[in-house]
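Worksheet: the structure to be examined is printed underneath.
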Amino acid sequence: MSREIKFVLNGAQTCVAIEDDWNLLYLLREKLGLTGAKEGCGRGECGACTVIVDGLAVNSCLYFAVEIDGKEVLTIEGLAGADGTLHALQKSFVSNGGIQCGFCTPGMILSAKALLDENPQPTEADIKQALAGNLCRCTGYVQIIESVEAVVDKSSGDINAVVRETGDSD
Amino acid sequence: MIDDQERNGKKEIMEEFTVIGKRISKVDAVDKATGRALYIQDLKLPGMLYGRILYSKYPHAHIIRVGTEKAKALPGVITVLTGEDIPPVRLGFYKDNPLLKAGKVRSYRDEVAAVAATDPEIAREAISLIDVTYEALPAIFDPEEALKPEAPLVHEEHKTNLLKMPWSLHYGDVEAAKLDAVFNVSERFSTTWVTHCCMGTSGAIADFDHSNNLTVYTNTQIPSLAQKDFQETLKILGVKDKRVRVIKPCIGGGFGSKLDTYAYEHMAILLAWYARRPVKILFEREEEFIATSPRQPTVTYISMGCDKEGRLLYRDMSMVLDNGAYTSWGATTPSVMMMPITSLYRVPNVRYSAKCVYTNNTYSQAMRGYGNPQATFAIESAIDMLAEAAGIDRVEFRRINSNQPGDVTPQGLRITSCGLPECIEAVSKDLEFGRSRENGVGVGLASLIHVGGGARIYKSDGCGTIIKMDDYGKVDVFTGASDMGQGSDTIIAQIVAEELGVQVDDVHVFHQDTDICPWDVGAHASRTTFVAGNSALGAAKKIRLRLLAMASKATGVDEDKLVLRDRAFFVEGKPVLPIAKLLRGSHFTPRGEMMMADNFYDPPNENMGKDFRGNMSATYSFGTHGVRVKVDEATGKVEILDYIAAHDVGRAINPLLLDGQVHGGVLMGVGYALTEQVIMENGRNMNPDFRDYKVLTAMDAIHSKAVVIETIDDQGPFGAKGIGEPGCVPTAPAIANAIYDAIGVRIKDLPITPEKVLAAIKKKNGTVSCGIDAFTQKEQACE
C-alpha cells in the first residue's frame, strides 16, 4: 500500500509517496537520490547506512520509511553548512586520517555526531561504544577514534561552541 | 630506534621538502566525508537491468537439468542464461572454471544460471523460479584427504587433486645442516579460511555501445589486466577488435580481493550482450561472504635448527594449501611465501615444498600479505621455540640472526636498505622483555620481511604515468595505479607536487579509467608507492627539466640559478616568474608548446628462475611487532594490553597515511590471530554475516604504537618502500608468542579462540575434561 509522509530531511520540509514495505535506506538512496548512506549488509550489522532520526543514530536499512512521518532526518549530505562549510567532525575525519576507502565514513561520522550531541564530552570508552555498530575494515579504528576525540574540547561543556568554532575555521 | 641524533637528521631532511614527509589529508577525503564519493553501489545507467546469479545447492554434483521456463515467463525478466546457453567462457589460470557450469558443479559457490531483469526484486524472484535437478557426488573438503588415491576427483580430467605446480626449492644442504645443528625444533602449524570483508560489496556494470565496444564499471585492483580478461570474453562471444574500457568507481576496500576478474563481472558482460542493455550485478553481504575468494588455509610442517651460539643453520618447511575448486591467485601464494621462508633472518640452508590441492570448497585468492601471514605464523612461532630450546633470549636470538644491509639471501634476494635490527630494538626497548610481571601477562614479538620495491610476478612490474600542466599551473596526473582507499592518489600527488614546486591541491590524480590512464600491472604486493610513485616521479622530472629550460629562456637566467618552488621560479630567494605565467606564455607564442610528459617505470627486479632464485623485488620492507597480552586462565580470553609495530618503510612520504596502513593492518592481523574464521562445514560457509564472522569492532580497537624506521632506500621515490601489506603479517605469531610467554601454552592453529586457549591450559594442567558439551550433555575431552 502506498501513502504520503511528511518529514524534515536535512532541514527541509519533505513530502513523498512511499510504499509500506520500503525501508528508510531505500527511500533515501533509490527515491531521493541521497546515496551518501551506504548499504553494507542490509541487516543492521555494519552501520554503513547510519543516519540520524530525531537525534538518534539508526540503521536506516532496518528503519521503516513509514516511521519517519513527522520526524527529522539528517543524512551525511545535510551535515555540512549551507555554504559548504564542513562540520567539525567532517573536518576532523579528513585531517586526522579517519577515512580510507570511505565506505563506512558517512555512517561513522553520523554515529559520532549523535554521540556528541547527546554527550559533548565522551571518554574514549564512550566513543568506542558509540561506534561499535559501525564496522571499518581499513583503519583499525585508531584514527577514527582520534578524529572524534579531536573535536571534543575537554575544557568546555558546550560542544556546540566547539563545533561552531572549529567549523568556521579552516 | 630513532635516537636523538637520527631524529635531528630526519628533521633536517624533512625541512628540505615542502610536502614529502608531511601529514597531508587524503585528496579524496572531503568527497568521502560529505557522501559525494560514488561507489559501484551508487551508479545507474539509463535502461540498466539488474543481474543475479543462481549458485549450486551441492558441493559436488552432476547437473541433470536446469529448468528456466518459469523464470523466463516472469514479467520483467529479460534474459535467463544457463551453462548450455553460452559459449565456453572459462576463468582461472588453468581455465578450469566455466562461467556457468554445465554437467557438473564442484562447490556451493558454483554459478549455475543467471538472470537479468528490470528490477532487483524481479531478478531475485526469477532466480528462485529456476529448477535445477542435481545428482549428488561424493565430495572432498580436507586438502590432506584429497591427496589420497581414493579421494573423489574435483576435476576428473586433471587426474589428481594435486595442482601441477612447481612449488619446491632446496638451497644449500638441509640434511647436512641438520647433522650440524645443536638445537632443533620440529612442529606443525595451521591457519584457516579468512576473508577480506570489504565494506563495499562487489559489483559491476557492463554496457555495450551500438558498435559493440564494451565499458565495464567495476571494483578492480587490476584495471589493465581486467581489460585483457574482458577482451578475451568478448573474443569467445565472437566480438573481435572492439574497445574495452574499464572504469573504477570508488572502491570500498580491496585487500587483494579484487586481484582477479570474477564470474559476476563476466556474467554482467554476457547478460548485457544478450539483453542488449546495460546490466549491473551487485552482491549482497551474504553473497559477498559466499561467492568471493578468501585467504586459503594452510597446514605447515616446519623444522629449524641452529648452532650453539644461536645462529640459524637450516629451515625446512612443507605446506599443504586448500586451493578450493578452481584456480585463481590463491594457488600461487607459495611463490611469495618463499620470501619469508628463505629470507626472514639469515638462514643458509633452506628447503620448501608446497602442495596446492583441489577440494570442493570455495576457491581461494590473494589477501593482504599474499601467503606471508601464513608462512610467518609458522616461522616466527618456531623461532621462539628454537630460542627457548637453545636457552637464548628471544630478542637476542633475533638480533643474532637479523638480516643486514648488503646481504644476499639463499634465494638471491638482495637486501639493500634494511632496518630490521632497528625494528627489533624499538620493540624490545618498548616492551621490556625479560622483566618480571604479573601472572597471566606475557610479551611476544615477531618480525617480517616483505617485498617493498614491487614484485616481478608477471614479465612486467611496470606502471605508466602521464602528466600535463594547464594554463594556470595546475597539474593533471594520469596514473596506472589503483587507489582503493589506501591513498595512492595522495602519495602520487605529493611526489609530483614536491618535484614541480606546487601544492598538493594543485595536483589532480586520475586513476579511474583505462581510456585515459596508462597501463599498470595492478595494485598488489605493496608496490604502488614504489612503482607508481617512481613512475610519477620520472614523469615529473621530465616536466621539471622542460619548465626550467623554458623559464631560463624567458628570464635570461641560467637554469642552475633558478629555483622552482611555491608555484614560481625564484632567483636568489626572490620570485621572478610564476609557473602559470610561463605556461600561458608558451601557448600564446609562435611555435608554442604544451607541457606534457609520460613515463613508464619498471623496477630493476627479477623474475624468479626455474629454481625460484631471483631478486623478485627492488628492495624489501622489514618490521617487528611486539605485543603484551593478558590471558584469563579461567575463560581462555586473550586481551591485548599494548601493541607496538615498528616498520622500516624507507621514507614516510605521508606519516598520516602510513599510520593508517599500520593501524589497519594490525587490527586485521589481530582478527586473523584471535577471532576471524570462515567456518566451512562440508564446503558450506556457515557464517556468512557480520554477526558470526568476527570482524573486530571499535570496541576491540588497539591503540597500537606505530614506530617508523626510515632507511631512505636508494631506489625508492624519495627513499620510500612499500607498506600496504606488512602491518598484518607478523601479528598472529607475535600474539601466539606472547600467549606462550604469559601462560606457557603454545597455540599452533589459528584463530586462537578462547576455547583453544582454555583447552590447552587444561591439557597442560592435566585436566582431561574440558566441560560438558551443550548438545550431548557429556564430558568432552580437551582437544
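Those protein sequence lines, which keep their order, are chains A and B.
Residue 150 in the numbering used here sits at position 150 of the first sequence; the count goes up by one each step and never skips.
Residue 233 in the numbering used here sits at position 63 of the second sequence; the count goes up by one each step and never skips.
Using N, Cα and C, we set each Cβ at its ideal position, and we do this for glycine too.
In the displayed model, Gln391 of chain B falls within coil according to three-state DSSP, outside both helix and strand. According to DSSP, residue pairing for Thr252 of chain B in a beta bridge involves B:Ala283.
For Asn493 of chain B, the enclosing beta strand (DSSP E) starts and ends at Leu482 to Gly494.
For Tyr842 of chain B, no beta strand (DSSP E) run applies; the uninterrupted alpha helix (DSSP H) run containing it begins and ends at Pro825 to Leu844, by DSSP.
Your pair Val51 of chain A and Leu74 of chain A checks out as a contact, with CB atoms roughly 6 Å apart and the cut at 8 Å.
The straight-line gap separating the alpha-carbon atoms of Lys242 of chain B and Val250 of chain B is approximately 6 Å. Per DSSP, the beta bridge partners of Pro268 of chain B are B:Arg260. One Cα belongs to Thr579 of chain B, the other to Ala695 of chain B, and the distance between them is close to 19 Å. For Asp812 of chain B, there is no enclosing alpha helix (DSSP H); the enclosing beta strand (DSSP E) has its first and last residue at Val808 to Asp818. Chain-order list of chain B residues neighbouring Leu135 of chain A: Met369, Phe860, Val865 and Thr867, by C-beta distance under 7 Å. Shown here, Cys368 of chain B sits in coil according to DSSP, grouped into three states, outside any helix or strand.
Using a Cβ-Cβ distance cut-off of 8 Å, the segment 138-145 of chain A and the segment 95-108 of chain A are in contact, since at least three pairs of beta carbons, one from each stretch, lie closer than that value. Phe103 of chain A carries a coil assignment under DSSP once its states are collapsed to helix, strand and coil. When the alpha-carbon of Gly55 of chain A is set against those of A:Arg43, A:Cys46 and A:Ile68, the nearest one is in A:Ile68.
Thr361 of chain B counts as buried, since no fewer than 16 other beta carbons sit within 10 angstroms of its beta carbon. Take Val344 of chain B, set aside five residues on each side of it, and the residues of its chain with a beta-carbon closer than 6 Å to its own are Tyr484, Asp486, Asn519 and Arg521, in chain order. Look at the segment 36-63 of chain A: the residues with a C-beta under 8 Å from a C-beta of chain B are Gly36, Ala37, Lys38, Glu39, Gly40, Cys41, Gly42, Arg43, Glu45, Cys46 and Ala48. For Arg584 of chain B, the secondary structure class from DSSP, reduced to helix, strand or coil, is strand. Taken atom to atom, the span from the alpha-carbon of Leu844 of chain B to that of Glu803 of chain B is near 16 Å. Neighbours of Ile99 of chain A across chain B, judged by C-beta separation under 7 Å: Lys196, Ala199, Lys202 and Ala203.
Judged by DSSP secondary structure, Val148 of chain A falls within the alpha helix (DSSP H) whose first and last residues are Val142 to Glu149. Scanning the segment 646-681 of chain B from its first residue to its last, the whole beta strand (DSSP E) runs of 3-plus residues come out as 677-680. It is roughly 6 Å from the alpha-carbon of Thr586 of chain B to the alpha-carbon of Thr789 of chain B. Proximity of chain A to Met654 of chain B at the Cβ level (cut-off 7 Å) is accounted for by Cys101, in chain order. Apart from sequence neighbours up to five positions away, the residues of its chain that approach Ala545 of chain B with a beta-carbon distance below 6 Å are Met507, Pro510 and Ile511, ordered along the chain.
Flagged as an interface residue toward chain B: Ile76 of chain A, by a C-beta distance shorter than 8 Å. A direct Cα-Cα distance of roughly 15 Å separates Trp337 of chain B from Val469 of chain B.
Of the residues A:Ala132, A:Glu77, A:Thr123 and A:Cys15, the one whose Cα lies closest to the Cα of Val151 of chain A is A:Thr123. Between the beta-carbon of Leu583 of chain B and that of Asn785 of chain B there is about 6 Å, and that keeps the pair under the 8 Å contact cut. Assigned with DSSP and collapsed to three states, Val527 of chain B falls in strand. Taking a contact to require three or more Cβ pairs closer than 8 Å, the segment 367-382 of chain B and the segment 555-571 of chain B do not qualify as touching. A:Glu45 is the residue among A:Lys31, A:Val16, A:Asp21 and A:Glu45 whose C-alpha sits nearest the C-alpha of Cys104 of chain A. When Cβ pairs closer than 8 Å are counted between the two stretches, the segment 847-867 of chain B is seen not to touch the segment 107-124 of chain A, the count staying below three. Residues of the segment 805-834 of chain B whose Cβ lies closer than 7 Å to any Cβ of chain A, in chain order: Leu826, Leu827, Asp829, Gly830, His833 and Gly834.
Contact annotation for Ala667 of chain B against chain A: no contact, minimum CB-CB distance about 18 Å [criterion: below 9 Å]. The beta carbon of Gly237 of chain B sits closer than 6 Å to the beta carbons of Asp301 from its chain, once the five residues preceding and following it are set aside; these are given in chain order.
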